[in-house]
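Taking it in order: structure first as structure tokens, then the write-up.
Structural data, given as structure tokens:
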């Protein structure tokens, strides 16, 4: 029996639900990178990075190629970078809305002074 689309989407977003995976995808937006470069940019153990890269590979968000002893990772599609940019825009808007609300609360008559 096929998986309903909403369930497939939920699984997809669960895949994105780990900070190391998000950071890897962010770094790969600028182009393919060898694992050693990813390790220098992300403060995790090599085994942890390897596990997270395996999840991203299994879900086909990244692809890997081997050049001798070097494994190079890349985004599987530019749509992944588009998704990360969309998330940034949404978060920026949410934070901006909260900041405006906070300013309004602080400037309302009878509000306590800002800390």
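In the numbering used here, the protein residues as written are 293 to 407. Quick reminder that beta carbons are idealized off the backbone N, C-alpha and C, glycines included. These numbers were taken from a predicted model, which means no experiment stands behind them.
- [ ] Closer than 6 Å by C-beta to residue 351: which residues in its own chain qualify, once you throw out the five before and the five after it? Chain order, please.
- [x] On the chain shown, residue 351 is found 59 positions in, with the first residue counted as 1. So the qualifying residues of the chain are 307.
Task: Cutoff 8 Å; reference residue 316; Cβ partners in own chain excluding five residues on either side - done: By 1-based counting over the chain shown, the position of residue 316 is 24. So the list reads 330, 334, 341, 344, 345, 348, 354 and 365, once near-sequence residues are dropped.
TODO: Find out if the Cβ-Cβ distance for the pair residue 376, residue 321 is shorter than 8 Å.
DONE: Reading the chain shown from its first residue, position 84 is the one you call residue 376. Reading the chain shown from its first residue, position 29 is the one you call residue 321. Contact: yes.
TODO: Using a threshold of 8 Å, state whether the C-beta atoms of residue 277 and residue 311 are closer than that.
DONE: This structure does not reach residue 277, given that the chain is present from 293 up to 407, and the question cannot be answered.
Task: In DSSP terms, what residue 366 is bridged to - done: Taking the chain shown and counting its residues from 1, the one referred to as residue 366 is at position 74. DSSP output for residue 366 lists 355 as bridge partner(s).
TODO: Would you identify the three-state DSSP class for residue 311, choosing helix, strand or coil?
DONE: As a position in the chain shown, residue 311 is number 19, starting the count at 1. Note: residue 311 maps to helix in three-state DSSP.
Task: Boundaries of the alpha helix (DSSP H) in which residue 329 is found, first to last residue - done: Stepping through the chain shown from its first residue, residue 329 is reached at position 37. Its alpha helix (DSSP H) spans residues 327–333.
TODO: Go ahead and label residue 393 buried or exposed: buried means 16 or more other beta carbons lie within 10 angstroms of its beta carbon, across all protein chains shown.
DONE: Residue mapping note: residue 393 aligns to position 101 of the chain shown, counting from 1. In this structure residue 393 is exposed. Its beta-carbon is surrounded by fewer than 16 other beta-carbon atoms within 10 angstroms.
Open item on the list: Among the candidates 295, 293, 313 and 328, whose CA atom is the shortest distance from the CA of residue 372?
Closed with: Working through the chain shown from its first residue, we reach residue 372 at position 80. It is 313 whose Cα lies nearest to the Cα of residue 372.
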